[in-house]
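S.K.: Each residue of the sequence shown is one higher than the one before, counting from 23 in my numbering. We put the beta carbon where it would ideally sit given N, CA and C, even for glycine. Please read all numbers here as calculations on a predicted model, not as lab measurements.
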Amino acid sequence: MGKFFDVEDGGPLRLELRSVDGRDFTVLRQIGYDADGYNESFTAPADLTTFETDLASVPAVFGWLVPRNGLFLPAAVLHDALVDLPQYIGPPVSRMEADRIFRSAMIGLGTGMVRAYLMWSAVTVATMWLGPQIRQRLALIATIGVVTVLGLTATLDLFDVWNVLPWMGQQSTLVELGWGALFAVIVPSVLAIGWGRAWQAGVIIGVTLALLLHATIVLALLYVAYLGVERIVSGPVATRRSPRS
23 MGKFFDVEDG GPLRLELRSV DGRDFTVLRQ IGYDADGYNE SFTAPADLTT FETDLASVPA
83 VFGWLVPRNG LFLPAAVLHD ALVDLPQYIG PPVSRMEADR IFRSAMIGLG TGMVRAYLMW
143 SAVTVATMWL GPQIRQRLAL IATIGVVTVL GLTATLDLFD VWNVLPWMGQ QSTLVELGWG
203 ALFAVIVPSV LAIGWGRAWQ AGVIIGVTLA LLLHATIVLA LLYVAYLGVE RIVSGPVATR
263 RSPRS
């Protein structure tokens with residue numbers, strides 16, 4: 023398992039950040055990390071002009087499931103450096119490999135396995151979307167699209183509004199819920215084959231979306247409503263000018 027350390031004195035990690043606007047932060051002290059399988063350490067720089075981190079990039083609507091900070095915080099800062107800053111010190115790695123280092127670093131810091139794999143899957147989604155391969159983007163779109171459509175259709179079928187899914191049928195509510203839960207695992211698992219080496223992330227994202235689809239929609243609507251009220255009451259939020267410009 024890898025290990026974080028203080029670059030200046032080689033001792034235990036000292037994570038020192040300065041808030042830029044409450045959302046983004048600059049690193050005041052270099053972060054070092056020895057990753058398994060690499061002879062050279064990785065170092066996230068303390069550069070106030072070129073490197074900023076938003077900690078864990080978690081949309082506000084999912085804050086109840088995964089917070090922006092916690093035991094995994096040093097791993098999140100390191101990951102931002104590996105994927106956003108070519109000037110980091112250490113061996114070159116692909117974005118996919120940086121995601122794997124992020125996952126290992128989180129687990130090494132004591133982050134629970136479920137949360138670590140959820141967060142790794144989330145950054146893998148970004149990697150696939152931003153990557154050069156169209157096939158990966160199509161696999162991502164297919165997973166999210168199919169799971170969303172089937173999830174909403176299963177809900178309509180459950181309430182006998184539109185009986186179209188063969189595995190639901192005209193059965194008791196409990197039986198239909200059981201079949202729905204089973205296919206909420208089967209369908210994403212099949213679709214995850216298109217994710218290639220990141221198939222585990224495909225399964226996790228697909229199953230999580232299927233099981234939390236309705237809660238996510240409700241929370242998203244509530245969050246949009248909150249933003250609307252906040253805008254009316256407080257007015258438009260001023261845009262911070264980036265120090266890099």
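1. Could you check if Q158 is buried or exposed, using at least 16 other CB atoms within 10 Å of its CB as the buried criterion?
2. Do the segment 236-252 and the segment 158-169 meet, that is, are 3 or more Cβ pairs less than 8 Å apart?
3. Determine which residues share a DSSP beta bridge with D56 and list them.
4. In three-state DSSP terms, what is F124?
5. Which residue's Cα is closest to the Cα of G167: A214, G92, G132 and V186?
6. Take S63 and list the residues in its own chain whose beta-carbon comes closer than 7 Å to its own, dropping the five residues that flank it on each side.
7. Report the partner residues of F94 according to the DSSP bridge assignment.
8. So, for M190: in the same chain, excluding its five sequence neighbours on each side, which residues have a beta-carbon less than 8 Å away from its beta-carbon?
9. Suppose the cutoff is 6 Å on Cβ atoms and the five residues either side in sequence are ignored; what does the same chain contact list for M150 look like?
10. Under a Cβ-count criterion, where at least 16 other Cβ atoms within 10 Å of its own Cβ denotes burial, should H101 be classed as buried or exposed?
11. Buried or exposed: which applies to S116, given that a residue is buried once 16 or more other Cβ atoms fall within 10 Å of its Cβ?
12. Should T10 go down as buried or exposed, given a rule of 16 or more other Cβ atoms within 10 Å for buried?
13. Assign R266 to buried or exposed, taking buried as 16 or more other Cβ atoms, counted over all protein chains shown, within 10 Å of its Cβ.
14. From the DSSP output, which residues share a beta bridge with T48?
15. For R45, which residues of its own chain have a beta-carbon under 8 Å away from its beta-carbon, when the five flanking residues on both sides are left out?
16. Counting only the same chain and skipping the five closest in sequence on each side, list residues whose C-beta sits under 8 Å from that of M23.
17. If you draw a straight line from the C-alpha of D106 to the C-alpha of G228, how long is it?
18. The beta strand (DSSP E) that contains F205, what's its start and end?
19. Where does T238 fall in DSSP's three states?
M.R.: Concretely, from the data shown:
1. buried
2. no
3. K25
4. helix
5. A214
6. G54, Y55, D56 and G112
7. Per DSSP, none; premise fails for F94.
8. A176, D179, L180, E198, W201 and G202
9. Contacts found: Q158 and L162.
10. buried
11. Burial call: exposed.
12. There is simply no residue 10 to check, as the chain begins at 23 and stops at 267 in what is shown.
13. Unreliable placement is indicated for R266, whose pLDDT of 39 sits below 50; the coordinate value is still reported in the next sentence. Label assigned to R266: exposed.
14. R40 and E74
15. D76
16. D58, S126, I129 and G130
17. 26 Å
18. Counting along the chain, F205 falls outside any beta strand (DSSP E), though it belongs to the alpha helix (DSSP H) covering T195 to L213.
19. helix
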